[in-house]
Structure formats: C-alpha cells, structure tokens
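I have placed the structure first, in the form of structure tokens, so that the comments after it can refer back to it.
In the numbering used here, the protein residues as written are 1020 to 1252.
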C-alpha cells in the first residue's frame, strides 16, 4: 500500500512538473536574470520613482502652478495634475535630503519653490524618459513558476509571459519608509527583500525565437495623489 502511494505521488509530481515547463527546456531563469542585469548595469537602479518632467539641464528648477491641477483627473487635466504630482514629489524628496528647497516668492498669489539636487540625490538619480527619477535595487531571480502564451492584441503574434519569484537586493533604507514606497505604489515585501512575484514577457517569433518585451527592471512609477494620506503600517 505504501509503495502504491509513493508511485501515485511521484506521478502527480511528474505531471505537475510537465505542466510547469511544458517540456520547455529554455533557460528562463538565467535569461531573465541576465536581462534584468543588462537593464540595471550598476546593480542599484532596477525600480524607479518618477519625480516628474525635469531634465538634468533644468536644475536649479523652480515650481509653477498650472490651471486645472486642483481639479479631478480627466484627459483635459492630466498634464496639470502631473505638474501637481511633480511639485509634491520635489517637496517629498527634499525632506530626505535629495534636493535643496528654497522659497522663490509668489506668482499670482501662489508660493513657488526652487530645487537643486544634492550630492545624496545625485547618488540615486536617474535621468530617463525626460524625467527626474530616483531608483533603487537589483532583481535576483529565485525561481520560475509557470509560463503562459497569449496572442498579442497589438500587431498579432504570440506573447509568452513567464511568471517568476524574485527578491530585491541593494535597497537603501530611505526606500523602506512607508511614506516613500507606498506613495509610489511599491510594496513592503518588495522593498524588504522578501520573495515577490514578477512577470517577464517575451515575443515569440515564427521560428520559436524569444525576444524580451518587458521585465521587472526598468519599472517607473508615478506618485499617488499627495492629497491622499499614506497610512503607516
């Protein structure tokens, strides 16, 4: 009876393994790790927090008010609301020493402020997508969980999503403040280096060749509304 139970267990395990891989011997773990490291060559800028549309040449930068930035979000107010988020993020990061912050007077009855990067801010800044971003971490792939093929709704072809577990290393202490990581919609387990789910997407060509489309490293997140309170854990 015990032998039969062991054989049944082995068959279930083998079948489960086949479901996971689909007899697919592609080295996903190695390839996804290499892709994440390629997109994060310094090993400390995998995930980013977007401050806003301020390029390197624009510092020192002075804030301004845009009509409509205090209204609810809509396609018409989007640009103005992003300006409000930018102003809020500049103030937030000034509070942890990434910017100097100087009152620059009033314009039409509204206060303006001048910001410049500090040496500490330059350590974490990444200028990309026309924005100032503060970045952190390195993705370490722990295991591959499953794959799923779908038809690409844009342009056709097959997309293969690889679901995997990873953890982050090289996460500085400032990121672990809930007022920081929750504001930019990251997660406690993520910033504390605990196992966390990720998705890596490939384009599958007609001959079976896989080309990376999207991954975890190179994620950029806008801040959530600064009018919304972040609750401490």
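Every residue, glycine too, gets a C-beta built ideally from N, C-alpha and C.
Secondary structure at residue 1141: helix, using DSSP grouped into helix, strand and coil. Exposure of residue 1126 is indicated by the presence of fewer than 16 other C-beta atoms within 10 angstroms of its C-beta.
Within its own chain, the residues whose Cβ lies closer than 8 Å to the Cβ of residue 1054, once the five positions on either side in sequence are excluded, are 1219, 1231, 1234, 1236, listed in chain order. Three or more pairs of CB atoms, one per stretch, sit closer than 8 Å, so the segment 1100-1110 contacts the segment 1061-1077. In the three-state DSSP reduction, residue 1064 falls in the coil class, being neither helix nor strand. Spatial neighbours of residue 1241 in its own chain (CB-CB distance under 7 Å, excluding positions within 5 residues in sequence) are listed in chain order as 1069, 1104.
Here residue 1064 is buried. Its C-beta has 16 or more other C-beta atoms within 10 Å. In the three-state scheme derived from DSSP, where H, G and I count as helix and E and B as strand, residue 1076 is classed as helix. One thing to note: residue 1187 has its Cβ no nearer than 8 Å to the Cβ of residue 1217. Cβ-Cβ separation between residue 1181 and residue 1051: approximately 7 Å, consistent with a contact (criterion under 8 Å). For residue 1115, the closest alpha carbon among the candidates 1089, 1170, 1198 is that of 1198. The C-beta distance from residue 1087 to residue 1096 rounds to 4 Å, short enough to fall under 8 Å. Taken through DSSP and simplified to helix, strand or coil, residue 1170 comes out as strand. For the options 1224, 1133, 1057, 1142, the alpha carbon positioned closest to that of residue 1157 is the one of 1057.
The alpha-carbon of residue 1048 is positioned some 27 Å away from that of residue 1145. Under the 10 Å beta carbon count, residue 1204 is surrounded by fewer than 16 other beta carbons and is classified as exposed. Here residue 1239 has 1067, 1069, 1148, 1152 as same chain residues with Cβ atoms under 7 Å from its own Cβ, once five neighbours each way along the sequence are excluded.
In the DSSP assignment, residue 1222 falls within the unbroken beta strand (DSSP E) covering 1215-1223.
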